[in-house]
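Residue numbers (this note's numbering): 1 to 160.
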């Protein structure tokens, strides 16, 4: 697959995850108990509760992050690309932003699903590996892409 196809897939999957989270909240909010988990410990166990309408904060925050990252990605289009290296780096930055959008969309979708399942009594927590998994995914996206960008910027600068 070429880069354009991969980027389009990342965007579509991110949007599907975001819309799925909104849809799940819409269909679930009326049947949720009055108090739902609103905060989780590092182990994924609920450690605070709040009004069931607070579940709306999850898709709102996920949507805001999605919109901010979209605008950051659009800034890329207005920057001058004087050479091939700059164009390549800007493509890598765009790819990293799309990957971050996907990870954040999936994190918020999983938080919405977890909150609903716990509220319904179908789960006791998000799972002990949820927080480390979220952090690992974010770290991998950032570290790998920053390393790639650094390599691209460093190539050709070794001339003496």
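For glycine and all other residues, C-beta sits at the position ideal for the given N, C-alpha and C.
I'd like to know if the segment 115-122 and the segment 60-79 are in contact, where contact means that at least 3 CB-CB pairs between them fall below 8 angstroms. With a cut-off of 8 angstroms, the segment 60-79 and the segment 115-122 do not count as touching, because too few Cβ pairs lie within range.
If contacts are defined as beta-carbon pairs under 8 angstroms, then residue 125 and residue 40 qualify, I think. What distance do you get, rounded to the angstrom? Translated into the one-based positions of the chain shown, residue 125 becomes position 125. Translated into the one-based positions of the chain shown, residue 40 becomes position 40. Correct: roughly 7 angstroms between the Cβ atoms.
Assigned exposure category for residue 4 - 16 Cβ within 10 Å defines buried: Position 4 of the chain shown, counting from 1, holds the residue named residue 4. With fewer than 16 other Cβ atoms within 10 Å, it is exposed.
Keeping to the same chain, check which residues put their C-beta closer than 7 angstroms to that of residue 62; ignore five residues upstream and five downstream. Counted from its first residue, the chain shown places residue 62 at position 62. Excluding residues within five positions, the ones whose Cβ falls inside 7 angstroms are 18, 21, 104, 105 and 108.
Does residue 92 pass the burial test, meaning 16 or more other C-beta atoms within 10 Å, or should it be called exposed? Taking the first residue of the chain shown as position 1, residue 92 is located at position 92. Its Cβ being crowded by 16 or more others within 10 Å, residue 92 is buried.
Residues near residue 69 by beta carbon distance below 7 angstroms, same chain, minus five either side: Indexing the chain shown from 1 puts residue 69 at position 69. Result list for residue 69: 97, 100 and 101, in chain order.
In chain order, what residues of the same chain lie with their CB nearer than 7 angstroms to the CB of residue 38, ignoring the 5 residues before and after it? Here residue 38 corresponds to residue number 38 of the chain shown, with the count starting at 1. Only 48, 49, 50 and 54 meet the Cβ criterion.
Can you list, in chain order, the residues of its chain whose CB lies under 8 angstroms from that of residue 34, leaving out five sequence neighbours each side? Sequence index remark: in the chain shown, residue 34 carries index 34 (1-based). Excluding sequence neighbours, residue 34 sits near 51 and 52.
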